Amino acid sequence: MSIAKLFAQKNVVFSFEIFPPKRDSSIHTIWSTLEELRDLRPDFISVTYGAGGSGGRSVTAQIAGAIRQRYGIPPLAHLTCVNSTRQEVEESLRQLREEGVEDILALRGDLVPGVTPKTDFTYASDLVDFIRRQGGFSLSGACYPEGHTQAPDLDTDIQNLRRKVEAGAEHLISQLFFDNDSFYRFAEKARAAGISVPIEAGIMPVVNAKQILRMVSLCGASLPPKFTRMISRYEQNPAALRDAGIAYAIDQIVDLLAQGVEGIHLYTMNDPDVARRISQAVENLREG
């Protein structure tokens, strides 16, 4: 069953994201993380695209395969195209097929300073269309509640998103955000533009101030006053910031669930304790 079809069977889809170990770490470091995440019964786990050439791509495929085979959870493998040729994407698809992975989150990927992008794929919609034509995969896409940083405005970005859906994306996961009203405005505009596929809200708990501010600079998420006050109050106290960040994420999720969101995608940052505390806090709400 494709991940997109889960939304017709559940009140709320609840999923996690993990990333491959760093290049200087063994892949085996991810298994203990997955053991703990499995106990939280997510509906699926996405694994980000490994960096560093073909070796990185194979790591993503290997971990996604293990999520399915070893842990019995549907995997969603990220695949980017900005720095890949058509042949390299075909090789990634071959590796995913060998691992039994059937769901792909198709992304353009981040532009790397000093690295000239490849020209086979310009946009994520190009990658979605290419994979769809190969057959054998169900496709998901990313969306930006406050608009992509390179889009002139949100309305233009939503038109681009509609093209991605028309190319074959059956399910969308939002980039992180800290103001739920931004997500609600985006979702309303997306539906008005004719985008009807399920949209999951991407939530990242703040447990490290430097890390989260770096992520915000990359994705363009705005920082509401409530959030900035929290960071200012606790940034010099790591334990307090961790607790406050988890509480903030729980508060976001409670509000999203009350408003009837279709799914929550938790950016775990490979931290099972954070995932557990949040999952347990909203477990009964997910079933309601």
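Residues 11 to 298, numbered by the working numbering, are exactly what the sequence shown covers, in order. Beta carbons are placed, not taken as given, at the ideal position from N, Cα and C, and that holds for glycine. Everything numeric in this text was worked out from a predicted model, so none of it was measured.
Note that the C-beta distance between residue 88 and residue 121 is not below 7 Å.
The three-state reading of DSSP puts residue 204 in coil, since its state is none of H, G, I, E or B.
Secondary structure at residue 212: strand, using DSSP grouped into helix, strand and coil. Per DSSP, the unbroken beta strand (DSSP E) holding residue 26 starts and ends at 23–28. The beta-carbon distance between residue 14 and residue 180, rounded to whole angstroms, is 4 Å. This is short enough to meet the 8 Å contact definition. When the beta-carbon positions are compared, residue 184 and residue 230 stay at least 7 Å from each other.
Counted as a single uninterrupted DSSP element, the stretch harbouring residue 91 is not any alpha helix (DSSP H), since DSSP gives it neither H nor E. Per DSSP, residue 12 lies in no alpha helix (DSSP H) and is assigned neither H nor E. Beta bridge pairing from DSSP links residue 116 with 89. In the DSSP assignment, residue 268 falls outside any beta strand (DSSP E) and within the unbroken alpha helix (DSSP H) covering 248–268. Counting only the Cα atoms, residue 274 lies some 22 Å from residue 202. Along the length of the region 129–209, whole alpha helix (DSSP H) runs at least 4 residues long occupy 134–144, 164–177 and 190–202, reported in chain order.
Leaving aside the five residues that flank residue 90 on each side, the residues in its chain whose CB is nearer than 6 Å to its CB run, in chain order, 59, 117 and 119. In the DSSP assignment, residue 222 falls within the unbroken alpha helix (DSSP H) covering 219–229. The C-alpha of residue 276 lies about 11 Å from the C-alpha of residue 47. Contact check for residue 182 against residue 222 fails: the beta carbons are separated by 7 Å or more.
Around the CB of residue 228, fewer than 16 other CB atoms lie within 10 Å, so the residue is classed as exposed. As computed with DSSP, residue 56 is found in a beta bridge with 27 and 86. Annotation: residue 56 to residue 113 spans about 9 Å, alpha carbon to alpha carbon. Counting the other CB atoms within 10 Å of its CB gives residue 139 a total of 16 or more, which places it among the buried residues. When the five nearest sequence neighbours on each side are left out, the beta carbons in the same chain lying within less than 6 Å of the beta carbon of residue 137 are those of 91, 116 and 131, in order along the chain.
Just so you know, the alpha carbons of residue 37 and residue 104 end up roughly 20 Å apart.
In the same chain as residue 233, and ignoring 5 residues on each side of it, the C-beta atoms closer than 7 Å to its own belong to 188 and 226, in chain order. Residue 288: member of the alpha helix (DSSP H) spanning 282–297, first to last residue. At the C-beta level, residue 12 and residue 135 stay beyond 7 Å of one another. The C-beta of residue 109 has 16 or more other C-beta atoms within 10 Å across all chains shown, which makes the residue buried. The DSSP-derived three-state label of residue 73 is helix. Secondary structure of residue 40 (DSSP, three-state): helix. The Cβ atoms of residue 67 and residue 102 lie closer than 7 Å to each other.
Considering only 107, 251 and 26, the residue with the shortest C-alpha distance to residue 49 is 26.
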